[in-house]
């Protein structure tokens, strides 16, 4: 963040902002643990850290150009998703290996959320690189339903004129007309996948009955879908009430998803922890 601040962007597919959130996950899971790590294990991770840092630095001196050129060999459609994917692959490998050295196989129960968040982000970026826009049918399937729901809300609130056709919205508001074509990443389908992976890992740590784990998982998915609907609505509202300028709208579009999804993810996990902590105290009393 200090050396290459321009690479830290909060859009899920444009920068390393996800590194920060993965770090928060790892720190949050390790706080309060009284596990002593030997100096031998600590020092053994240092060379691995240097290799990871060397990778990040070498990107600025030609490696990124090589990765971009390699995209043609693999028939990659979206170059930026391809390049950022490798950033998250490398960091996921570093974190998993480091945690394995520190804790052995126990890391899966001690601190799984950060590595799974990094791995999940790399997976989504790979899907976006190879199957952009609406080419990945299963993930695109739910998008028309999101679009229709959004048009119904706009019409009900009388915010402007909105018409839905498949995954396209035709909007007319205070600043003119705008057509928005919604693909699965913009609809937040990627956040549902990442949420499922992270919350699944988190549930492994909770010593609670399975039916309660299932209840939290289902409520979390419903909440994530709701957040995604709010995101699509906010993008539509921005076009209806603020501006139809493509450049200004795109700037808002880049950050609208993550500034809603990630706080929701942290808040949901925090609420679950608070609820289960209180239940445990009551049982002990």
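Residue numbers (the working numbering): 100 to 384. Just so you know, even glycine gets a beta-carbon here, dropped at the ideal spot from N, CA and C.
**Q.** Limits of the alpha helix (DSSP H) - the one that residue 127 falls within
**A.** Walking along the chain shown from the start, residue 127 turns up at place 28. Residues 116-129.
Q. Residue 205: which of 327, 361, 340 and 304 sits nearest, CA to CA?
A. Position 106 of the chain shown holds residue 205. The residue with the shortest Cα to Cα distance from residue 205 is 304.
(Q) Can you look up residue 260 in the DSSP assignment and give me helix, strand or coil? (A) Here residue 260 refers to the residue found at position 161 of the chain shown. If DSSP states are grouped into helix, strand and coil, residue 260 belongs with the strands.
Q. In three-state DSSP terms, what is residue 142?
A. Start at 1 with the first residue of the chain shown, and residue 142 comes out as number 43. In the three-state scheme derived from DSSP, where H, G and I count as helix and E and B as strand, residue 142 is classed as helix.
Q | the stretch 265-284 / the stretch 334-350 touching (three or more Cβ pairs under 8 Å) | A | yes
Q: Over the uninterrupted alpha helix (DSSP H) stretch that includes residue 267, give me the two end residues.
A: The residue given as residue 267 occupies position 168 in the chain shown. Taken as a continuous stretch (DSSP letters only), residue 267 belongs to no alpha helix (DSSP H), being part of the beta strand (DSSP E) at 267-272.
**Q.** Cross-strand partners of residue 277 (DSSP beta bridge)
**A.** Taking the chain shown and counting its residues from 1, one reaches residue 277 at position 178. DSSP output for residue 277 lists 270 as bridge partner(s).
Q: Indicate, with yes or no, if the ligand PLP has a heavy atom lying under 8 Å from the CB of residue 283.
A: As presented, the structure is devoid of all ligands, the ligand PLP included, so that no description of it is given.
Q) Roughly how many whole angstroms lie between the Cα atoms of residue 223 and residue 384? A) Counting from 1 along the chain shown, the entry for residue 223 is found at position 124. Counting from 1 along the chain shown, the entry for residue 384 is found at position 285. Whole-angstrom Cα-Cα distance: 45 Å.
Q) Where does residue 366 fall in DSSP's three states? A) Mapped onto the chain shown, residue 366 falls at position 267. Three-state result, residue 366: helix.
Q. Is the CB-CB distance between residue 183 and residue 175 below 9 Å?
A. As a working mapping, residue 183 is identified with position 84 in the chain shown. As a working mapping, residue 175 is identified with position 76 in the chain shown. No, the Cβ-Cβ distance between residue 183 and residue 175 is not below 9 Å.
Q: Measure the CB-CB distance between residue 195 and residue 220 and report whether it falls below 9 Å.
A: Counting from one through the chain shown, the residue named residue 195 turns up at place 96. Counting from one through the chain shown, the residue named residue 220 turns up at place 121. No; because the gap between Cβ atoms is not below 9 Å, this pair is not in contact.
Q | Sequence-distant residues of the same chain with beta carbon closer than 7 Å to residue 332, five excluded per side | A | The residue labelled residue 332 in the question sits at position 233 within the chain shown. 249 and 252, listed in sequence order.
Q) In this structure, does DSSP put residue 104 in helix, strand or coil? A) In the chain shown, the residue the question calls residue 104 occupies position 5. Here residue 104 sits in helix by DSSP.
Q.
Taking a contact to mean a Cβ-Cβ separation below 9 Å, would you say residue 326 touches residue 359 in this structure?
A. Start at 1 with the first residue of the chain shown, and residue 326 comes out as number 227. Start at 1 with the first residue of the chain shown, and residue 359 comes out as number 260. Yes, they are a contact pair.
(Q) DSSP three-state label for residue 239, please. (A) The count along the chain shown starts at 1 and reaches residue 239 at position 140. In this structure, residue 239 counts as helix in the three-state DSSP scheme.
**Q.** Residues near residue 177 in its chain [Cβ-Cβ closer than 7 Å; skip 5 each side]
**A.** Numbered from its first residue, the chain shown carries residue 177 at position 78. Counting only Cβ-Cβ distances below 7 Å, and skipping sequence neighbours, we find 227, 228 and 231.
Q) Helix, strand or coil for residue 284 per DSSP? A) As a first step, residue 284 is located in the chain shown; it is residue number 185 there, counting from the start. In this structure, residue 284 counts as coil in the three-state DSSP scheme.
Q. Pick from 127, 104 and 373: whose alpha carbon is nearest that of residue 116?
A. The residue labelled residue 116 in the question sits at position 17 within the chain shown. Taking only the C-alpha atoms, the option nearest residue 116 is 104.
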